[in-house]
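Input: a single structure, listed below in structure tokens.
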Amino acid sequence: MDIGVLTVPLGGEPIDDAAAYLAGLGVDAVELGVGGWPGQDHVDRERLLDDEAARQELRGVLDDHGLRISALATHNNPLHPDEERAATADRELREAIGLADLLGVDTVTCFSGLPAGAPGDSTPNWVTAPWPSEHADALDYQWDEVAVPYWSDLAEHAAHHGVDVAIEMHPNMLVYEPTGMLALREATNERIGANFDPSHLYWQGIDVPEAIRFLGERDAIHHVHAKDTRVYESNSRVKGVLDTTGYADEADRSWLFRSIGYGHGEDHWKDVVSTLRMVGYEGALSIEHEDSLTSSREGLEKAVDVLDRAVFETEPGDAYWAE
């Protein structure tokens with residue numbers, strides 16, 4: 001199991017410098033933004049698609065530092081009711097899949113997207129309850145008329161390239177929890193699976209090791225983000241966890257994204273790692289730093305420190321004591 005990093009927080013420095021820094025921390029893999037909200041500071045997607053020499057240069061930089069690419073990231077909304085925005089997101093995602101194929105990378109991470117609630121609406125609509133009944137109707141429309149047709153076609157594109165599409169379960173997207181993730185996989189093909197990011201599950205009250213078992217036992221985990229969250233009960237007891245307070249107003253929020261170990265302790269992360277191994281996941285734990293209480297470098301360094309003690313570096317041995 002590898003310790004990885006989504007390199008977006010280091011986007012202000014050249015990739016060679018970022019790679020040298022991460023390798024010095026003991027990081028094994030990088031997840032590189034190639035479009036959408038992660039941007040593409042370290043990877044010019046369109047250039048690399050057309051330029052083998054540029055792809056070789058990228059491989060060389062990473063090889064020099066002993067790093068592999070765990071995934072290419074393009075998080076956006078290909079189901080957006082604005083046709084131009086949806087088309088941009090779709091192009092980014094399809095090109096990311098094509099680039100992953102050319103680079104020998106087996107995974108692209110993304111969001112499921114979120115449609116409007118009905119034809120002609122202009123704003124994406126996150127439905128969280130089946131009543132009043134128009135909300136249930138909206139959800140049926142989103143799945144049956146928008147999401148399943150789009151993702152069925154996209155899944156075939158991914159299968160053609162031999163690339164897994166790892167969807168981050170994210171509130172304000174259509175797929176935000178494990179049963180929805182499994183429903184989309186079952187409606188498409190096995191190339192569609194989860195980028196298992198526990199940070200969004202914690203504040204929803206989801207048991208993360210149980211969610212790993214639920215998806216992992218169905219071979220539905222393609223990639224994993226290492227990202228923590230802390231629920232602050234002094235606020236959540238009053239206003240719950242559906243909190244629209246700005247992320248910069250830390251003291252007033254019901255929950256915050258935190259560096260690994262600052263939301264849940266080291267024992268919990270060892271349980272996460274162990275459960276991932278139980279279900280057969282041996283890929284990267286890609287650290288996504290979004291803790292506003294510390295700097296990017298300090299957050300990354302503290303996360304690596306915790307995960308370094310949690311991950312297994314060797315293959316499982318024989319259970320000789322049971323023979």
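Mapping the sequence shown onto UniProt numbering, position 210 (from 1) lands on 210, and the numbers just tick up by one. Beta carbons are placed, not taken as given, at the ideal position from N, Cα and C, and that holds for glycine.
- Per DSSP, reduced to three states, the secondary structure at residue 205 is coil, with no helix or strand assignment.
- With respect to residue 199, residue 243 sits apart: the two C-beta atoms are not nearer than 8 Å.
- Restricted to the segment 66-116, the alpha helix (DSSP H) segments that are unbroken, complete and at least 4 residues in length are 83-103, listed in chain order.
- Taking the Cα positions, residue 295 is about 11 Å away from residue 302.
- Excluding its 5 nearest sequence neighbours in each direction, residue 217 has C-beta neighbours in its own chain below 8 Å: 279, listed in chain order.
- DSSP places residue 228 in the uninterrupted beta strand (DSSP E) bounded by 228-231.
- Counted as a single uninterrupted DSSP element, the beta strand (DSSP E) harbouring residue 2 occupies residues 2-6.
- As summarised for the segment 139-192, the continuous alpha helix (DSSP H) elements at least 4 residues long and confined to that stretch are 148-161 and 178-187, given in chain order.
- In its chain, beyond the 5 residues on either side, 39, 41 and 42 have a beta carbon closer than 7 Å to the beta carbon of residue 11.
- Taking 8 Å as the cut-off, the beta carbon of residue 287 is found no closer than this to the beta carbon of residue 34.
- Residues 169, 175 and 194 of the same chain have their beta carbon placed closer than 6 Å to that of residue 181, with the five preceding and five following residues left out of the count.
- Residue 29 holds the alpha-carbon nearest to the alpha-carbon of residue 284 among 9, 24 and 29.
- The beta-bridge partner set that DSSP reports for residue 225 consists of 286.
- The beta carbon of residue 241 sits closer than 8 Å to the beta carbons of 203, 204, 205, 231, 254 and 255 from its chain, once the five residues preceding and following it are set aside; these are given in chain order.
- The beta-carbon distance between residue 31 and residue 96, rounded to whole angstroms, is 12 Å. This is too long to meet the 8 Å contact definition.
- According to the DSSP secondary-structure assignment, residue 60 is paired through a beta bridge with no residue.
- Taking all protein chains shown into account, residue 142 has 16 or more neighbouring C-beta atoms within 10 Å of its C-beta and is therefore buried.
- Taken through DSSP and simplified to helix, strand or coil, residue 255 comes out as strand.
- Spanning the alpha carbons of residue 75 and residue 238 requires a straight line of approximately 32 Å.
- By the CB criterion at 8 Å, residue 220 and residue 258 fall outside the cutoff.
- Shown here, residue 48 sits in a helix according to DSSP, grouped into three states.
- Here residue 238 carries a helix assignment [DSSP, helix/strand/coil].
- Between the alpha carbons of residue 127 and residue 139 lies a gap of roughly 6 Å.
- In this structure, DSSP gives residue 196 an extended state, which the three-state scheme calls strand.
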